[in-house]
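Written below as structure tokens is the structure these notes are about.
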Amino acid sequence: MEKFRIIIPGGAGFVGRNLVRVLKSKNYDRNEVTVLDNAKNNLAFVKRYGVQTQCVDFTEKRGGYDVLNDKKIVVNLAVHNY
293 MEKFRIIIPG GAGFVGRNLV RVLKSKNYDR NEVTVLDNAK NNLAFVKRYG
343 VQTQCVDFTE KRGGYDVLND KKIVVNLAVH NY
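Numbered per this note's numbering, the sequence shown spans residues 293 to 374.
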């Protein structure tokens, strides 16, 4: 099975952490999974799974959209709190 580069905006929350756990059990490695979130504490927890993490806030004008460029799959778990 071919593995694709996956990015998970909002992936440091409950659902994202469990998704990362499943991907790791399917032998996805550090270079294939990137988690984006604006919650630094949650990102530190996700980092323990050995995936790439980046603190990004997509609500800001320059919210880091360039990290999406080389990814094949986006699983958007990001939530905007008003």
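Note that beta-carbon positions come from the ideal geometry of N, C-alpha and C, so glycine has one too.
State buried or exposed for residue i, treating a residue as buried only when at least 16 other CB atoms are found within 10 Å of its CB.
i, result
"A336", "exposed"
"I365", "exposed"
"N333", "exposed"
"V371", "exposed"
Looking at the strands, I want to know which residues DSSP matches up with residue i.
i, result
"D329", "C347"
"V366", "I299"
Select from the options the residue whose C-alpha is nearest the C-alpha of residue i.
i, options, result
"V359", "G308, V325, N319", "V325"
"V338", "D321, G308, V371, R297", "G308"
"A331", "L369, V314, G305, I299", "G305"
"G303", "K316, R340, T345, K363", "T345"
"K363", "L311, V327, R313, K318", "V327"
"D329", "F350, K316, R340", "F350"
For residue i, does the three-state DSSP call read helix, strand or coil?
i, result
"V371", "coil"
"G342", "coil"
"K408", "The first residue shown for the chain is 293 and the last is 374, placing residue 408 beyond what the model contains."
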